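S.K.: Mind looking over this structure? Questions follow.
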Amino acid sequence: MLKLYTDGATKGNPGPAGIGILVSGLPHQIQKHAALPAMSNHEAEFAAAIAGFELLIQAGLNTTPVAFYSDSKLVIQAIEKQYAKHYPDLAGRLLTLIGQFSLVLPNWLPDRANRGAHMLAQQGLRQSETKI
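Once you know that position 1 of the sequence shown is 4 in my numbering, the rest is easy, because the numbers rise by one and skip nothing.
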């Protein structure tokens with residue numbers, strides 16, 4: 004089973020943003036970060052999850068079960084409830100991607116347990132700040 008960890012970070016809310024993606028359960032880890040334009044923290048968390056699942060699909064890994072980890076309760080609840088009241092477009096996009104996998108197990112974890120994705124998101128945020 005693959006393990007997908009994602010995190011979004013912003014400086015200000017809204018503000019410049021970055022995302023981090025960490026994939027384990029392969030012979031080698033996949034680590035990715037990216038700078039994003041100004042957005043809210045919740046939007047950054049959704050963007051990170053969406054980018055993580057897109058990465059797995061692009062790598063042809065959507066036939067493998069995925070344990071998905073995020074420190075965003077909103078993102079995890081959106082997956083579990085198949086709905087997000089204030090972010091319907093982002094939730095819909097994420098759920099469409101998840102629908103391409105045989106099995107996705109969403110798991111919330113505290114910030115301190117999501118350090119790998121968090122550090123990558125901070126790298127993306129630093130890149131975003133230098134573009135301003």
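We treat Cβ as the ideally placed atom computed from N, Cα and C, and that holds for glycine.
Remember, predicted model here, so these are calculated numbers, not experimental data.
Does the stretch 75 to 93 come into contact with the stretch 121 to 131, if we say contact requires no fewer than three beta-carbon pairs (one atom in each stretch) closer than 8 Å?
M.R.: Judged by Cβ distances under 8 Å, the stretch 75 to 93 makes no contact with the stretch 121 to 131, as fewer than three pairs qualify.
S.K.: Taking the Cβ atom as the reference point for each residue, do Lys20 and Met42 lie within a distance shorter than 8 Å?
M.R.: Walking along the sequence shown from the start, residue 20 turns up at place 17. Walking along the sequence shown from the start, residue 42 turns up at place 39. For clarity, residue 20 is Ala in the given sequence; the question names Lys instead. A contact, by the Cβ cut-off of 8 Å.
S.K.: With DSSP as the reference, label His45 as helix, strand or coil.
M.R.: Numbered from 1 along the sequence shown, position 42 holds the residue referred to as residue 45. His45: helix per DSSP, three-state reduction.
S.K.: Restricting to Cα atoms, I'd like to know which of Lys76, Thr67 and Pro30 is closest to Thr9.
M.R.: The residue labelled residue 9 in the question sits at position 6 within the sequence shown. The shortest C-alpha separation from Thr9 is found at Lys76.
S.K.: Go ahead and pull the three-state DSSP assignment for His121.
M.R.: The count along the sequence shown starts at 1 and reaches residue 121 at position 118. If DSSP states are grouped into helix, strand and coil, His121 belongs with the helices.
S.K.: Which full runs of the beta strand (DSSP E) of 3+ residues lie inside the stretch 7 to 77, going along the chain?
M.R.: You should have 18 to 27, 33 to 42 and 69 to 73.
S.K.: Is Pro91 helix, strand or coil when you go by DSSP?
M.R.: Position 88 of the sequence shown, counting from 1, holds the residue named residue 91. Here Pro91 sits in helix by DSSP.
S.K.: Taking the alpha-carbon positions, what's the Arg115 to Gly63 distance?
M.R.: By one-based count along the sequence shown, residue 115 stands at place 112. By one-based count along the sequence shown, residue 63 stands at place 60. Whole-angstrom Cα-Cα distance: 30 Å.
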